[in-house]
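Asks: Protein chains in written order, with our numbering: chain A, 18 to 293; chain B, 18 to 293. Where is the CB? At the ideal position from N, CA and C, for every residue including glycine.
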């Protein structure tokens with residue numbers, strides 16, 4: 018079932034290109050045009066079957082029914098402002114960025130039919146070379162409408178993600194950013210700091226623990242600097258909560274308090290079990 | 018090639034039982050007796066083919082040629098003192114604990130033929146139910162002799178691990194503990210604290226990042242409390258180094274300093290790449 022006629026994906030990286038692949042495989046759009054800052058990426062996306070056409074300018078959105086903004090957080094805003102005057106009135110615009118409050122409030126001023134989306138399908142990998150089919154299937158997609166969001170537009174966007182196999186969670190942009198600060202942005206901040214504190218010469222004596230704990234510290238520096246900056250207040254709150262926890266563990270260790278250590282570690286065990 | 022006649026494994030958990038399995042598969046010992054605090058574990062290890070006999074008391078070490086201490090860190094010391102008066106003079110004793118300084122210095126006083134070993138093959142799983150063949154193959158095993166260690170004993174222990182497929186690294190117990198504090202104990206402390214700081218109600222909105230970063234927070238609370246306590250000075254040093262890194266990242270965020278954020282994240286990217 019075609020949900021949209023012409024779709025344009027701006028940013029044919031891992032998420033953008035994988036989205037194109039699934040939209041085509043599931044016949045949800047009639048045709049997809051892709052754009053990338055580096056045209057070679059868009060060409061590779063076309064070669065991989067993720068898009069039908071490569072566009073060279075943002076004018077490609079002129080007759081689009083759906084525009085997907087799949088660039089890093091700061092470019093999402095920049096591009097949204099540029100395309101606001103070009104798109105048709107009824108064109109639906111979505112993004113796939115990791116933070117929502119700033120993006121949604123700023124873009125909704127210029128594009129009423131914009132709906133913020135955040136598929137929890139990213140990884141530390143990036144780029145069209147890492148595209149993969151089916152990454153949205155059985156995955157969570159958070160959609161962040163506002164009170165002003167048109168109900169029909171929201172249900173069409175929800176349907177799109179459901180057809181891709183995603184489980185939809187509706188949250189306000191504010192709540193999204195408060196929660197994801199804990200479940201995604203904090204772990205990244207921790208992983209970047211952890212690998213930073215291990216002396217280079219010791220890295221060869223690591224087991225699986227350090228590797229897992231720091232896997233996401235391979236995530237793109239520019240993309241994540243922007244995520245951090247666009248959700249800084251929430252992340253600072255999380256960092257404080259984490260620092261407090263760490264201080265308690267440190268205190269238990271300083272005082273050789275095994276009872277307290279056991280309490281901290283057992284509680285962590287129980288909570289980790291819920292994560293599956 | 019049989020390296021030892023009678024071997025006794027004390028502690029038939031994941032590492033102890035997996036070791037039994039490989040020692041038998043590679044015909045490195047003639048027979049293996051297993052002991053566990055819970056006899057049902059030793060019986061399960063026998064059923065799984067990891068040991069030949071289940072012993073009910075430490076007297077089983079009387080005629081052993083090799084004793085492997087594979088219990089949590091604090092029990093290793095306790096058991097070593099108990100068997101010191103029971104073993105033959107030429108019996109070689111090794112352990113597989115995560116910290117070495119305390120264990121090696123204390124045990125060497127009562128068992129001269131004791132050699133500390135640390136195969137980097139553990140995981141957050143535990144128990145004989147999770148035993149697996151081949152986990153020592155292509156894995157690092159750190160051996161921590163002292164100046165007093167008999168050369169022949171050391172080469173026999175090294176040969177044993179090499180025959181299991183491990184890559185041997187020789188370190189002093191002190192250096193082992195200083196390095197592993199960074200590459201293993203610190204990541205555990207961080208993971209326990211990280212999962213502790215995420216509110217329960219947010220856990221359902223986690224992606225792969227939080228899961229990976231906190232995987233090792235499922236590690237056994239008692240075992241890790243003991244690891245922390247037995248290497249506390251080194252771990253406290255690491256925690257301080259980590260806290261400093263985290264504070265710098267926090268400062269960059271507070272000051273909206275993208276240049277500093279990029280510097281921290283790019284350096285993390287580069288270092289993580291070395292980890293493979």
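Does residue 153 (chain A) have its Cβ less than 9 Å from a Cβ in chain B?
Replies: What you label residue 153 (chain A) is simply residue 136 of the first chain in a count that begins at 1. No - not a single Cβ of chain B is within 9 Å of the one on residue 153 (chain A).
Asks: Using a C-beta to C-beta distance shorter than 8 Å, which residues of chain B count as neighbours of residue 179 (chain A)?
Replies: On the first chain, residue 179 (chain A) is found 162 positions in, with the first residue counted as 1. Within chain B, no residue comes near residue 179 (chain A); the closest Cβ sits about 18 Å away, beyond 8 Å.
Asks: Cβ closer than 7 Å: which chain A residues qualify as neighbours of residue 289 (chain B)?
Replies: Here residue 289 (chain B) is taken as the residue at index 272 of the second chain, counted from 1. 212, 231, 234 and 235, listed in chain order.
Asks: In this structure, does DSSP put residue 22 (chain B) in helix, strand or coil?
Replies: Position 5 of the second chain holds residue 22 (chain B). Residue 22 (chain B) falls in the strand class under three-state DSSP.
Asks: Given that residue 131 (chain B) touches chain A, what residues does it touch there, using C-beta distances under 9 Å?
Replies: Looking up residue 131 (chain B) in the second chain gives position 114. Here the premise fails: no neighbours, minimum Cβ distance about 22 Å.
Asks: Would you call residue 116 (chain A) buried or exposed, if buried means 16 or more other Cβ atoms sit within 10 Å of its Cβ?
Replies: The residue given as residue 116 (chain A) occupies position 99 in the first chain. Classification for residue 116 (chain A): buried.
Asks: Starting from residue 208 (chain A), find everything on chain B with Cβ-Cβ shorter than 7 Å and list it in chain order.
Replies: One-based indexing of the first chain puts residue 208 (chain A) at position 191. The answer, in chain order, is 230.
Asks: Take every Cβ of the region 71-86 of chain A, pair it with every Cβ of the region 27-44 of chain A, and state whether three or more of those distances are shorter than 8 Å.
Replies: Yes: at least three Cβ pairs fall under 8 Å.
Asks: Which of the residues in the region 271-288 of chain A, read from start to end, lie with their CB under 7 Å from any CB of chain B?
Replies: The residues in question are 271, 273, 275, 278, 279, 281, 282, 283, 284, 285, 286 and 288.
Asks: Provide the residue span of the alpha helix (DSSP H) that contains residue 190 (chain A), from first to last.
Replies: Your numbering for residue 190 (chain A) matches position 173 in the first chain. Residues 190-197.
Asks: If you draw a straight line from the C-alpha of residue 71 (chain A) to the C-alpha of residue 220 (chain A), how long is it?
Replies: For the purposes of this step, residue 71 (chain A) is taken as residue 54 along the first chain, with counting starting at 1. For the purposes of this step, residue 220 (chain A) is taken as residue 203 along the first chain, with counting starting at 1. When rounded, the distance between both Cα atoms is 43 Å.
Asks: Find out if the Cβ-Cβ distance for the pair residue 111 (chain B), residue 131 (chain B) is shorter than 9 Å.
Replies: Within the second chain, the letter at position 94 stands for residue 111 (chain B). Within the second chain, the letter at position 114 stands for residue 131 (chain B). For residue 111 (chain B) and residue 131 (chain B), yes; Cβs fall inside 9 Å.
Asks: To which residues does DSSP link residue 136 (chain B) through a beta bridge?
Replies: Within the second chain, residue 136 (chain B) is the residue found at index 119, counting from 1. B:158, per the DSSP bridge assignment.
Asks: Return helix, strand or coil for residue 184 (chain B), following the three-state DSSP convention.
Replies: Taking the first residue of the second chain as position 1, residue 184 (chain B) is located at position 167. Of the three classes helix, strand and coil, the one that applies to residue 184 (chain B) here is strand, per DSSP.
Asks: Give me, in chain order, the residues of the same chain whose beta-carbon lies closer than 7 Å to that of residue 155 (chain A); leave out the 5 immediate sequence neighbours on both sides.
Replies: Taking the first residue of the first chain as position 1, residue 155 (chain A) is located at position 138. Same-chain partners within the cutoff: 182.
Asks: Confirm, please, whether the CB-CB distance from residue 101 (chain A) to residue 285 (chain B) is below 9 Å.
Replies: On the second chain, position 268 is the one that residue 285 (chain B) refers to. On the first chain, position 84 is the one that residue 101 (chain A) refers to. No, Cβ-Cβ distance for residue 285 (chain B) and residue 101 (chain A) is not below 9 Å.
Asks: Leaving aside the five residues before and after residue 94 (chain B) along the sequence, list all residues of the same chain whose C-beta is less than 8 Å from its C-beta, in chain order.
Replies: One-based indexing of the second chain puts residue 94 (chain B) at position 77. So the list reads 119, 120, 123 and 124, once near-sequence residues are dropped.
Asks: Listed from N- to C-terminal order along the chain, which residues in the region 78-103 of chain B have their beta-carbon within a distance smaller than 7 Å of any beta-carbon of chain A?
Replies: If the cut-off is 7 Å between Cβ atoms, the region 78-103 of chain B has nothing near chain A.
Asks: For residue 261 (chain A), which of helix, strand or coil comes out of DSSP?
Replies: Walking along the first chain from the start, residue 261 (chain A) turns up at place 244. Helix.
Asks: So, for residue 165 (chain B): in the same chain, excluding its five sequence neighbours on each side, which residues have a beta-carbon less than 8 Å away from its beta-carbon?
Replies: By one-based count along the second chain, residue 165 (chain B) stands at place 148. So the qualifying residues of the chain are 125 and 129.
Asks: When DSSP labels each residue in this structure, what does residue 278 (chain B) get in the three-state scheme?
Replies: Indexing the second chain from 1 puts residue 278 (chain B) at position 261. Reduced to three states, the DSSP call for residue 278 (chain B) is helix.
Asks: Please list, in chain order, the chain B residues whose beta carbon lies closer than 8 Å to that of residue 220 (chain A).
Replies: As a first step, residue 220 (chain A) is located in the first chain; it is residue number 203 there, counting from the start. In chain order: 200, 288, 291 and 292.
Asks: Contact between the region 226-242 of chain B and the region 274-292 of chain B: three or more CB pairs below 8 Å?
Replies: No, the region 226-242 of chain B does not touch the region 274-292 of chain B.
Asks: Entirely within the region 64-136 of chain B and at least 4 residues each: give me those alpha helix (DSSP H) ranges in chain order.
Replies: Whole alpha helix (DSSP H) segments, 4+ residues: 90-100 and 118-127.
Asks: Apart from the five residues just before and just after residue 147 (chain B), which ones in its own chain have a Cβ nearer than 6 Å to its Cβ?
Replies: As a working note, residue 147 (chain B) is residue 130 in the second chain. 31.
Asks: For the beta strand (DSSP E) containing residue 46 (chain A), list its first residue and its last residue.
Replies: Numbered from its first residue, the first chain carries residue 46 (chain A) at position 29. First-last of the beta strand (DSSP E) with residue 46 (chain A): 46-52.
Asks: If contact is defined by three or more beta carbon pairs under 8 Å, each pair taking one atom from either stretch, is the region 193-206 of chain B in contact with the region 169-181 of chain B?
Replies: No contact exists between the region 169-181 of chain B and the region 193-206 of chain B.
Asks: Is residue 27 (chain B) helix, strand or coil by DSSP?
Replies: Here residue 27 (chain B) corresponds to residue number 10 of the second chain, with the count starting at 1. Strand, per DSSP.
Asks: Verify whether the separation of the beta carbon atoms of residue 81 (chain B) and residue 105 (chain B) is less than 9 Å.
Replies: For the purposes of this step, residue 81 (chain B) is taken as residue 64 along the second chain, with counting starting at 1. For the purposes of this step, residue 105 (chain B) is taken as residue 88 along the second chain, with counting starting at 1. In this structure, residue 105 (chain B) lies closer than 9 Å to residue 81 (chain B) by Cβ.
Asks: Below 9 Å between beta carbons: does that hold for residue 145 (chain B) and residue 248 (chain B)?
Replies: Here residue 145 (chain B) is taken as the residue at index 128 of the second chain, counted from 1. Here residue 248 (chain B) is taken as the residue at index 231 of the second chain, counted from 1. Against a cut-off of 9 Å, the Cβ pair of residue 248 (chain B) and residue 145 (chain B) comes out as no contact.
Asks: Using the three-state DSSP reduction, which class does residue 248 (chain B) fall into: helix, strand or coil?
Replies: Indexing the second chain from 1 puts residue 248 (chain B) at position 231. Residue 248 (chain B) falls in the coil class under three-state DSSP.
Asks: Under 8 Å by Cβ, that's how I've got residue 61 (chain A) and residue 75 (chain A) pegged, so tell me the actual separation to the nearest angstrom.
Replies: The count along the first chain starts at 1 and reaches residue 61 (chain A) at position 44. The count along the first chain starts at 1 and reaches residue 75 (chain A) at position 58. Not really, about 20 Å apart at Cβ, beyond 8 Å.
Asks: Using alpha carbons as the reference points, say which of A:18, A:269, A:235 and A:136 lies closest to residue 224 (chain B).
Replies: Taking the first residue of the second chain as position 1, residue 224 (chain B) is located at position 207. The residue with the shortest Cα to Cα distance from residue 224 (chain B) is A:136.
Asks: Name the chain A residues that come within less than 9 Å of residue 150 (chain B), Cβ to Cβ?
Replies: Position 133 of the second chain, counting from 1, holds the residue named residue 150 (chain B). Within chain A, no residue comes near residue 150 (chain B); the closest Cβ sits about 17 Å away, beyond 9 Å.
Asks: Just to check my reading of the structure: residue 235 (chain A) and residue 289 (chain B) have Cβ atoms closer than 8 Å, yes? What is that Cβ distance to the nearest angstrom?
Replies: To locate residue 235 (chain A), count along the first chain from 1; it is residue 218. To locate residue 289 (chain B), count along the second chain from 1; it is residue 272. Correct: roughly 5 Å between the Cβ atoms.
Asks: Say whether chain A places a C-beta atom closer than 9 Å to the C-beta of residue 258 (chain B).
Replies: Taking the second chain and counting its residues from 1, one reaches residue 258 (chain B) at position 241. So, interface residue.
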